[in-house]
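Heads up: the structure comes next, in structure tokens.
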Amino acid sequence: MTTPVAEVISVVCLIAVLGFAVVRPRGLPEGVGAVPAAILVVAVGALPLAVAWQEVQGLGPTVAFLAAILMLAHLCKEEGMFDAAGELMARRSRGRPTRLLGLVFVVASLTTAVLSLDATVVLLTPVVFATASRLGARPKPHVYATSHLANSASLLLPVSNLTNLLAMGAAGLSFVKFGALMALPWLVAIGIEYFVHRWWFAGDLSVVATPRDTGRRTPIPVFALVVVALTLAGFVVSSPLHIEPFWAALAGVLVLAAKRLLMDPPGRHRPELRELLAAANLWFLLFVLALGIIVKAVVDNGLAAAIGHLVPTGSDLVSLLLLAGLAAVLANLVNNLPAVLVLLPLVAPVGPAAVLAVLIGVNIGPNLTYVGSLATLLWRRILADHDHDTEIGEFTKLGLLTVPVSLIACTASLWVAVQLMGV
Amino acid sequence: MKVAGWIAAGTWPAVVEAMQRRPASDELVLVAVADESEGVPTGPLAGLMGRGRRAEATAAVDQLSRSAAQELLDQAVAALGRPCEAQLRTGFTEREVTAAAAAIDLLIVARDGDRTRLGPRSLGRHTRFVIDHAPCTVAVVWPGETPGLDSIPAPPPDR
């Protein structure tokens, strides 16, 4: 097959997969569209089987790690960690919405960094909403902050965001080095979000809260917290010991799951395991693998040659800013997942700093678009799918206030960190 | 006279207080709105490409905003301590409150904007809409302290 034909087939497959993921006919999982498309790409020869297999092997550890983190977050929720965090925030805020916002920032940033943005969006956001409304405060500033931090606070660690996991191999950085270089950009991103939220929601935050006591007391899940801390320590020591960090995550999952099974009444064992497997989200893992194969075909068959020269090849500040900007634009046009898969092979040869700049773009950029990308937004408007104009408008304005500033400030602080620590 | 009060987070005690002062002959209605667009934004959930969680998340969010509004309403009814009708409505806050005022003589709302800076922003977006469109008299009460006359800025020099 000639390369142009292969490229056309791959691009059509990619568009079809992304379209399927947005429209989700009959609510089918995104992987249902992606897996056959990936098989098709390989079957017609747009990507040699050996290359596809190599890609699967390359993505394997990442996907396994992702599954472990998703299960870990699920077990933390089951152990009552998020409910306990909600009650802690409610108590410590002493009925003052601004104090609550500060606590939400701390909890959401740490949750995102350690348990990934999925945990923050899916598990923490409802708890923050319930906490704010139980306090009698307006939930909006707190909930919007949580949604924003799921993206902007996902810079710190490789586990914080799937994009980071995908990039860790390309960057060739250890877990600790990654965290050390991204610590300053992470803090800068959170700081910018904090000041913008305080200012933008000044009216909502000035409301005096009228708490209602539900009388509930969730005990602090000490065991789960210790396991998560040890798992994190496992990530840190895994790279000098040359072990995949996946094993640390798996150990954390096994310990927590075993504890729950031992404490559960016998009738709960099967549902418990079923929920744990459901949390691993097999279709999502397959989606990531399939998307990786299709993007690989698109990049190899001509995209690399076509836009390769657009990608800055330096690690100076200007190049890093351009890279972060390019990544943010791409993440907003499609979605951050395909964006990072396309950009990684192009920037990996430039060096770790360039890869991290791309991550700043794809992680912070999505805050600009309400549903992850313009393509998704257009589609969902056509489908009239449960979105409100006021909500989209407010989200976009908040994104415009935070994203451009954060992109520049975070990339600049990444550059500073690289100058100070080297890569 | 039929008097309705809009029960919203943070500002409702002022509304309830104003309603307690109404004569016993008045018929009282408390209105709270479960507004999905004011609750948890569902967009970021949909932005998580590949996770396939949209439907369950959206349903959970709707449930959450309904139960939060219901709890708020219960709290207000208890605080009022007088017989009243409690209305939980679902939809866009400002439109539902305005619609609830259709068969009402007086609607009591609380100033809900940023009261630290008096001016256009001391009225929230929804209150603004309700004041403009409600088909009855609207009383705007102050939550907490009313401002003193010293809150008026100095007149412009050309006056």
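As they're listed, the protein sequences go chains A and B.
Its first residue numbered 45, the first sequence is counted upward by one per residue in our numbering.
Its first residue numbered 6, the second sequence is counted upward by one per residue in our numbering.
For glycine and all other residues, C-beta sits at the position ideal for the given N, C-alpha and C.
Quick caveat, the model's predicted, so the values are computed rather than measured.
Partners in chain B for residue i, counting only beta-carbon separations shorter than 9 Å
| i | result |
| --- | --- |
| A:S283 | Per Cβ cutoff of 9 Å: no residues; A:S283 is ~27 Å from chain B at best. |
| A:Y238 | None at all; the shortest Cβ gap to chain B is about 18 Å. |
Residue i, DSSP secondary structure in three states
| i | result |
| --- | --- |
| A:G278 | helix |
| B:A29 | coil |
| A:A197 | helix |
| B:A159 | coil |
| B:A83 | helix |
| A:A90 | coil |
| A:T142 | helix |
| B:A144 | strand |
| A:F245 | coil |
| A:E131 | helix |
| A:A65 | helix |
| B:E43 | helix |
| A:V270 | helix |
| A:A181 | coil |
| B:P152 | coil |
| A:T254 | coil |
| A:H186 | helix |
| A:H192 | helix |
| A:T106 | helix |
| A:G216 | coil |
| B:P18 | helix |
| A:E74 | coil |
| B:A139 | coil |
| A:N325 | coil |
| A:N468 | Nothing in the structure corresponds to residue 468 of chain A, since chain A is present only between 45 and 467. |
| A:M226 | helix |
| B:S70 | helix |
| B:R56 | coil |
| B:L128 | coil |
| A:S160 | helix |
Close Cβ partners of residue i (< 8 Å) along its chain, the five nearest in sequence each way excluded
| i | result |
| --- | --- |
| B:I12 | V20, V21, L35, V36, A37, L77, L78, A81 |
| B:E101 | V36, V38, D40, R94, T95 |
| A:E256 | The sequence shown places Arg at residue 256 of chain A, not Glu. The answer, listed in chain order, is R178, G180. |
| A:V270 | none |
Per DSSP, the bridge partner or partners of residue i
| i | result |
| --- | --- |
| B:G10 | B:L35, B:I113 |
| B:R94 | B:V38 |
| B:T103 | Beta-bridge pairing links B:T103 to no other residue. |
Sequence-distant residues of the same chain with beta carbon closer than 7 Å to residue i, five excluded per side
| i | result |
| --- | --- |
| A:A181 | P141, L144, V251, A253 |
| A:L37 | Here chain A has residues from 45 to 467 only, and residue 37 of chain A is not among them. |
| B:V143 | L112, V114, V135, I136 |
| A:L418 | N376, L377 |
| A:N195 | L161, N407, I408, P410, N411 |
| A:L167 | A117, K121, F126 |
Same chain only: Cβ atoms within 6 Å of residue i, ignoring 5 sequence neighbours per side
| i | result |
| --- | --- |
| A:K441 | none |
| A:A176 | P183, H186 |
| A:A65 | E74 |
| A:G124 | T262, P265 |
| A:G443 | N411, L412 |
| B:D31 | M6, V8 |
Contact list for residue i against chain A, beta-carbon separation under 9 Å
| i | result |
| --- | --- |
| B:W17 | G180, T254 |
| B:A23 | None at all; the shortest Cβ gap to chain A is about 15 Å. |
| B:E150 | Simply none; closest approach about 11 Å. |
Residue i: CB within 8 Å of a non-hydrogen atom of the ligand SAH
| i | result |
| --- | --- |
| A:P92 | As presented, the structure is devoid of all ligands, the ligand SAH included, so that no description of it is given. |
Contacts that residue i makes with chain A (C-beta to C-beta distance below 7 Å)
| i | result |
| --- | --- |
| B:V45 | T169, P170, F173, V187 |
| B:Q80 | R256 |
| B:L69 | P170, F173, A174 |
Residues that residue i contacts on chain A, provided the C-beta gap is smaller than 8 Å
| i | result |
| --- | --- |
| B:D119 | A246, G247, S250 |
| B:L35 | Simply none; closest approach about 15 Å. |
Residue i: contacting residues in chain B (beta-carbon distance under 7 Å)
| i | result |
| --- | --- |
| A:F439 | P46, G48 |
| A:L381 | M54, G55 |
| A:V165 | P49, L50, L53 |
| A:L327 | Reading off the sequence, residue 327 of chain A comes out as Trp, not Leu. Residues of chain B passing the Cβ test: G57. |
Amino acids of chain B, ordered along the chain, whose beta-carbon sits closer than 8 Å to that of residue i
| i | result |
| --- | --- |
| A:A194 | P49 |
| A:K184 | E43 |
| A:A65 | M54, G55 |
| A:S204 | Residues of chain B passing the Cβ test: none, with the nearest at roughly 14 Å. |
I'd like to know if the segment 59–69 of chain A and the segment 308–327 of chain A are in contact, where contact means that at least 3 CB-CB pairs between them fall below 8 Å.
no
Three or more C-beta pairs below 8 Å linking the segment 106–117 of chain A and the segment 156–164 of chain A
yes
Three or more C-beta pairs closer than 8 Å, one from the segment 78–93 of chain A and one from the segment 214–232 of chain A: is that the case here?
no
contact_flag[the segment 348–356 of chain A, the segment 95–103 of chain A] where n(CB pairs < 8 Å) is 3 or more:
no
Is the segment 443–453 of chain A in contact with the segment 201–217 of chain A, if contact means three or more CB pairs nearer than 8 Å?
no
Evaluate the contact criterion for the segment 118–126 of chain B versus the segment 240–248 of chain A: three or more CB pairs, one atom per stretch, below 8 Å.
yes
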